[in-house]
Amino acid sequence: MTSSLVTSLVAKMSKSTHPYLPYKIRPHKPHPAPPPPPRVATSPAERFETALFTGDRLGLERLRGFEKLENVNIQLRLEEVPGTVEGIFQDPPTFKLHMRLRPNMFMTPLDVVIADFTGDAHDNNAPTWLVRLRDLMDKSSARLRTFRWLERYAFTLLTTPWLKLPYVKAWGEILHYVGRIKEVCNMRYRPARDPTRPRPRPRPRKSPRDLVDVFGAMSLGEGQTSSSPSPRGVVEI
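Numbering (this note's numbering), first residue to last: 1109 to 1345.
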């Protein structure tokens, strides 16, 4: 009787959650590491890419012109150049960021390189333009902006004293190209004439015969009068 009672008590205590009974230690599961913070745009190409693609939040009516000639198609394209192979070793690839400008007029599009990066595309220190374009199908994206917006941005980059521009020549070509677009737009869209102002009178045009008579009546030497012209082909001084 005593042995059966002890057996039943041990069985009940084994099923209960008594603090003094042995328990299994659960294995420790490490928490996943938090994702790295997003890279802050610091280089000129990163700032331009951020301003180009995040400017849609401001509204397209502020970034596009009312006339078609004022708008420029700005395309950012990613080019991957494989690294050199030496035996079993291979250098990391180089990524180049191309900017292509295509205006709505008969002008040759401009294609320049404004930034590059050597390393893995999935590195934590990869530039923002590489992170944005690496997962796209054709590795490119385009936006429509007015030439005034592009001119203002390129001029600000070139005139900022503390900002280092790795591709100064490329930004200079962009500013010169936008200047050509501006000249065409200014010639086409001249302000209308004020109808209240009188029209200017055309100046009277003189015929070649009148000019010959005027020069013939002039006296260039002392003692020479208009009645005694100089011999033909001789000019008195």
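Positions of the beta carbon are idealized from the N, C-alpha and C atoms, including for glycine.
What's the gap between the Cα of A1223 and the Cα of H1206?
-> Within the sequence shown, residue 1223 is the residue found at index 115, counting from 1. Within the sequence shown, residue 1206 is the residue found at index 98, counting from 1. So the alpha carbons of these two residues sit roughly 8 Å apart.
Beta-carbon gap between N1212 and P1144 smaller than 8 Å = Taking the first residue of the sequence shown as 1, we reach residue 1212 at position 104. Taking the first residue of the sequence shown as 1, we reach residue 1144 at position 36. No, Cβ-Cβ distance for N1212 and P1144 is not below 8 Å.
Check P1152 in the structure and name its three-state DSSP category.
-> Translated into the one-based positions of the sequence shown, residue 1152 becomes position 44. Here P1152 sits in helix by DSSP.
Name the one or two DSSP bridge partners that V1193 has.
-> Position 85 of the sequence shown, counted from the start, is the residue given in the question as residue 1193. Per DSSP, Q1198.
Exposed or buried, what is N1294 when buried is set at 16 or more other beta-carbons lying within 10 Å of its beta-carbon?
-> If you number the sequence shown from 1, residue 1294 lands on position 186. By the neighbour-count rule (16 or more Cβ atoms within 10 Å), N1294 is not buried but exposed.
Span of the alpha helix (DSSP H) around R1253 | Counting from one through the sequence shown, the residue named residue 1253 turns up at place 145. Note, R1253: premise wrong, no alpha helix (DSSP H); beta strand (DSSP E) at 1248–1254.
If you draw a straight line from the C-alpha of L1177 to the C-alpha of L1241, how long is it?
-> Taking the sequence shown and counting its residues from 1, the one referred to as residue 1177 is at position 69. Taking the sequence shown and counting its residues from 1, the one referred to as residue 1241 is at position 133. Whole-angstrom Cα-Cα distance: 28 Å.
Would you kindly report the start and end of the unbroken alpha helix (DSSP H) that includes T1236?
-> What you label residue 1236 is simply residue 128 of the sequence shown in a count that begins at 1. Run containing T1236: 1236–1241, per the alpha helix (DSSP H) assignment.
Simplified DSSP state of A1262, which is helix, strand or coil = As a first step, residue 1262 must be located in the sequence shown, where it is residue number 154. Helix.
Check whether K1247 and V1221 have beta carbons under 8 Å apart = Here residue 1247 refers to the residue found at position 139 of the sequence shown. Here residue 1221 refers to the residue found at position 113 of the sequence shown. No; because the gap between Cβ atoms is not below 8 Å, this pair is not in contact.
Tell me whether the beta-carbon of P1235 lies closer than 8 Å to the beta-carbon of F1225.
-> For the purposes of this step, residue 1235 is taken as the residue at position 127 of the sequence shown. For the purposes of this step, residue 1225 is taken as the residue at position 117 of the sequence shown. Cβ atoms of P1235 and F1225: closer than 8 Å.
Beta-ladder partner(s) of T1226, from DSSP = For the purposes of this step, residue 1226 is identified with residue 118 of the sequence shown, where counting begins at 1. According to DSSP, T1226 bridges with T1202.
Taking the alpha carbon of R1288 as the point to measure from, which residue in L1271, T1202, L1209 has its own alpha carbon closest?
-> Numbered from 1 along the sequence shown, position 180 holds the residue referred to as residue 1288. Measuring from the Cα of R1288, the nearest candidate turns out to be L1209.
Helix, strand or coil for D1219, going by three-state DSSP, please let me know.
-> Counting from 1 along the sequence shown, the entry for residue 1219 is found at position 111. Three-state DSSP puts D1219 in a strand.
Helix or strand or just coil, what does DSSP make of L1160?
-> Position 52 of the sequence shown holds residue 1160. L1160: helix per DSSP, three-state reduction.
R1288 (DSSP reduced to helix, strand or coil) = Taking the sequence shown and counting its residues from 1, one reaches residue 1288 at position 180. Three-state DSSP puts R1288 in a helix.
Check whether the Cβ atoms of L1186 and R1251 sit closer than 8 Å, and answer yes or no.
-> The sequence position of residue 1186 within the sequence shown is 78, counting from 1. The sequence position of residue 1251 within the sequence shown is 143, counting from 1. No, the pair does not count as a contact, with Cβ atoms beyond the cut-off.
Per DSSP, N1181 is paired with what?
-> Position 73 of the sequence shown, counting from 1, holds the residue named residue 1181. Bridge partners of N1181: R1210, L1252.
Buried or exposed: where does P1274 fall if 16 or more other Cβ atoms within 10 Å of its Cβ makes it buried?
-> As a working mapping, residue 1274 is identified with position 166 in the sequence shown. P1274 is exposed by the Cβ-count criterion.
Assuming A1262 contacts W1279 under a Cβ cut-off of 8 Å, what Cβ separation, rounded to an integer in Å, is found between them?
-> As a working note, residue 1262 is residue 154 in the sequence shown. As a working note, residue 1279 is residue 171 in the sequence shown. That pair is a contact at about 5 Å.
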